[in-house]
Amino acid sequence: MRLITSKEASRFIQLNLAKQMLKSRPVAGLAYKLFIREVREAMKDKAKSSVYKERLIMLENLVRSVWKGYKEGRLSHNYLVQGLEIFFNGSLQLVEKRRERENELSAIPLFLTISPTQVCNLHCKGCYAGSSSGTKAQLSFDTVDRILKEKKELWGSFFTVISGGEPLAYRENGKSIYDLFEKHNDQFFLMYTNGTLIDKKSAKKFAELGNVTPAISVEGLKAETEARRGEGVFDKILRAMENLREEGVFFGISMTATRENADRLLRPEVLNFWLDEKGAFYAWMFQYMPIGRAPDLNLMVTLEQRLNLYMRTREIIHKERRFVVDFWNNGPITRGCISSGRDWGYYYIDWNGNIMPCVFVPYWTHNVKELYAQGKTLDDAHKSYFYKRIRDWQIENGYTKPFKEVNNWIAPCFNRDNHKCFVEIIGECQAHPADEWAELAWEDEEYHQGLIEYGEKFKKLSQPLWEKFYLSSEIDKNAT
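First residue of the sequence shown: 1, per my numbering; consecutive thereafter.
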């Protein structure tokens, strides 16, 4: 087992000092500066590469957003302290667990995305989950509880993404999603929500817990949001945000880019409205994927729109210094695809218990309920052939290799950008479709051909950007 180095020990002491200082309002400003300094020091050697430099900028953007909100009174002191405790203590446990198991596991996932329920009070066009008020599938409270406990025990994972369905609609045996957050108060949760169920009581609960950040779904401004989500939803979102601001809760937005709204989604007036006027701390953007309810390749952003989104997001990150992430185009920050339990990556578990490589790869070979019934654990799925086969593809595609051998991380997606490999691996492993739409898509040759052509064309179009921004120096070409 590798012992901690003197440099690591010093950095730990400095970060712990910054954490303790942040608990005191009068010296919080000094703590912020100390934290930024230590983050830069930790990344100094690796930041010689453009990929790591961009990662450092993103981390700084997030810290700046948190600090700005704290100074302006939009983030409560209690929430800040709670979050810091979770991330600091969790990070120490994460490092310890990774060292303990590094000889046993070639890859250790960082987090899970879990959808406890498919139930939703809305019926959005193109929903990846096919959710509505009529859908009933969900996991038992005890199952989700065990998943959360087990991922921390096995992998040191203290971060969880909660999706759906609508998580706030989850009810099982008299318990709700709040009971899970409260029971696992040593973990931090990012919860995707439509926001319509966040009343004053909910906002107060989030503030008390201090371990949940709601990411509210929007599609731009009012017209675009209500075109997809329904009349009256926009005003409910605004009320939800007002409730969260009043309680000092850390919240953000989640946007879906489609062919219909991509040209307007990242305009300054849109980001100014949500991030400045309404006080959201961050924004996630997901380009529409043709999965879930009535998948439609014609709803995907065009190749030109996707390139424009990349350039606009780059401007937002590097010049405007906002924490705005495009799940696909910002692939270089994560060193490509993070699915299938890749090292520092994740898995997705849906309301039926199906363990999938990614939210956007609706195929599976293992089910968590079946594993538990057989006396097995999440490790048994993680070590299985299907998920390992995808991790091998990730390595072939460039993960862990020198940058000069990487296959363009601006086009990282296993499904959309590398669909030919996707079809080969899903077929080879005889993975099961997660729903009727995934089954129909699997049998549709035109669907496969459309995605293969899309991915190949985008790789060619984006290759000059990959070379310009990430392979422009000898340092980058030889960095790992």
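Ideal Cβ placement from N, Cα and C applies to all residues, glycine included.
Inset, instruction - Please name the residue, chosen from Gly174, Leu461, Pro268 and Pro116, that lies closest to Lys319 on a Cα-to-Cα basis. - result: Comparing alpha-carbon positions, the option among Gly174, Leu461, Pro268 and Pro116 lying closest to Lys319 turns out to be Pro268.
Legend entry - C-beta contact flag for Asn121 and Glu166 at 8 Å: For Asn121 and Glu166, yes; Cβs fall inside 8 Å.
Legend entry - Cross-strand partners of His432 (DSSP beta bridge): His432 pairs with Trp364.
Inset, instruction - Note down, in chain order, each residue of its chain lying with its Cβ closer than 7 Å to the Cβ of Asn330, except the 5 sequence neighbours on either side. - result: Once the five neighbours on either side are set aside, the close Cβ partners of Asn330 are Thr313.
Inset, instruction - Return the CA-CA distance between Ala431 and Leu80, expressed in angstroms with no decimal places. - result: Ala431 and Leu80 have their alpha carbons spaced roughly 42 Å apart.
Inset, instruction - On a CA-only basis, which of Ile216, Ala283, Arg306 and Gly292 is nearest Leu440? Give me that one, please. - result: Of the candidates Ile216, Ala283, Arg306 and Gly292, the one whose C-alpha sits nearest the C-alpha of Leu440 is Gly292.
Inset, instruction - Taking Leu94 and Phe158 to be in contact with their CB atoms under 8 Å, please state how far apart those CB atoms are, rounded to whole angstroms. - result: Indeed, because the Cβ distance is near 7 Å, the residues count as touching under 8 Å.
Legend entry - Length of the line joining the Cα atoms of Gly69 and Met255: Distance between the alpha carbons of Gly69 and Met255: 21 Å.
Inset, instruction - Would you kindly work out how many angstroms separate the C-alpha atoms of Tyr170 and Trp67, rounded to a whole number? - result: Annotation: Tyr170 to Trp67 spans about 32 Å, alpha carbon to alpha carbon.
Inset, instruction - Spell out the partners DSSP gives Ala257 in its beta bridges. - result: Under DSSP, Ala257 shares a beta bridge with Gln287.
Inset, instruction - Compare the beta carbon distance of Ala325 and Trp284 with 8 Å and say whether it is the shorter of the two. - result: The sequence given here places Val at residue 325; Ala does not occur at that position. Yes, these two residues count as a Cβ contact at 8 Å.
Inset, instruction - Using beta-carbon positions only, say whether Arg416 and Leu451 come within less than 8 Å of one another. - result: At the C-beta level, Arg416 and Leu451 come within 8 Å of one another.
Inset, instruction - Express the C-alpha separation of Cys413 and Gly336 in angstroms, rounding to a whole number. - result: C-alpha separation (whole angstroms): 8 Å.
Legend entry - Cα-Cα separation between Tyr310 and Ala373, rounded to whole angstroms: Each residue's alpha carbon lies about 45 Å from the other.
Inset, instruction - Would you list the one or two residues that DSSP bridges to Gln138? - result: Paired residues: Thr117.
Legend entry - Asp326 in three-state terms, based on DSSP: Annotated three-state conformation of Asp326 is strand, per DSSP.
Legend entry - Classification of Asp235 by the beta-carbon crowding that lies within 10 angstroms, buried from 16 upward: Asp235 should be labelled exposed.
Legend entry - Validate contact between the stretch 339-347 and the stretch 100-114 using beta carbons, cut 8 Å, 3 pairs: Enough Cβ pairs lie closer than 8 Å, so yes.
Legend entry - Same chain only: Cβ atoms within 6 Å of Gln394, ignoring 5 sequence neighbours per side: Taken in chain order, the residues that qualify are Cys337 and Arg342.
Legend entry - Host beta strand (DSSP E) of Asn78 (start-end): Segment His77 to Arg101 is the alpha helix (DSSP H) holding Asn78; no beta strand (DSSP E) there.
Legend entry - Beta-ladder partner(s) of Leu209, from DSSP: None; Leu209 has no bridge partner.
Legend entry - C-alpha gap between Asn407 and Asn298, whole angstroms: Roughly 26 Å separates the two Cα atoms.
Inset, instruction - Mind listing, in chain order, the continuous beta strand (DSSP E) runs of no fewer than 3 residues lying wholly within the stretch 297-362? - result: Entirely contained in the stretch 297-362, the beta strand (DSSP E) runs reaching 3 residues are, in chain order, 324-326, 346-349 and 354-356.
Inset, instruction - Find the nearest neighbour of Ser163 within the set Glu445, Glu277 and Asn194, judged by alpha-carbon distance. - result: Of the candidates Glu445, Glu277 and Asn194, the one whose C-alpha sits nearest the C-alpha of Ser163 is Asn194.
Legend entry - Cα-Cα separation between Lys152 and Gly232, rounded to whole angstroms: Lys152 and Gly232 have their alpha carbons spaced roughly 40 Å apart.
Legend entry - Whether Gly90 touches Asp186 by CB criterion (8 Å): Their beta carbons are under 8 Å apart, which means Gly90 touches Asp186 by this criterion.
Inset, instruction - Would you identify the three-state DSSP class for Lys175, choosing helix, strand or coil? - result: Three-state DSSP puts Lys175 in a strand.
Legend entry - Same chain only: Cβ atoms within 7 Å of Arg2, ignoring 5 sequence neighbours per side: Legend: pLDDT at Arg2 = 43, less than 50; position of this residue unreliable, value from coordinates given subsequently. Excluding sequence neighbours, Arg2 sits near Arg99.
Inset, instruction - Look at the Cβ atom of Thr143, then the Cβ atom of Phe189, and state whether they are nearer than 8 Å. - result: In this structure, Phe189 does not lie closer than 8 Å to Thr143 by Cβ.
Inset, instruction - Helix, strand or coil for Leu465, going by three-state DSSP, please let me know. - result: Helix at Leu465.
Legend entry - Sequence-distant residues of the same chain with beta carbon closer than 7 Å to Lys125, five excluded per side: Cβ neighbours of Lys125 beyond the five flanking positions: Arg228.
Legend entry - Selected residue, minimal CA-CA separation from Tyr447, among Glu208, Pro295 and Glu226: Nearest option by C-alpha distance: Pro295.
Inset, instruction - Compute the Euclidean distance between the alpha carbons of Leu139 and Asn367, then round it to the nearest angstrom. - result: Straight-line Cα distance between these residues: approximately 12 Å.
Inset, instruction - Indicate, with yes or no, if the ligand SAM has a heavy atom lying under 7 Å from the CB of Arg264. - result: In terms of ligand content, the structure shown is empty, and the ligand SAM therefore cannot be addressed.
Legend entry - Exposure of Arg321, with buried meaning 16 or more beta-carbon neighbours within 10 Å: Classification for Arg321: exposed.
Inset, instruction - Counting only the same chain and skipping the five closest in sequence on each side, list residues whose C-beta sits under 8 Å from that of Gly220. - result: Same-chain partners within the cutoff: Met255, Asn261, Arg264, Leu265 and Val270.
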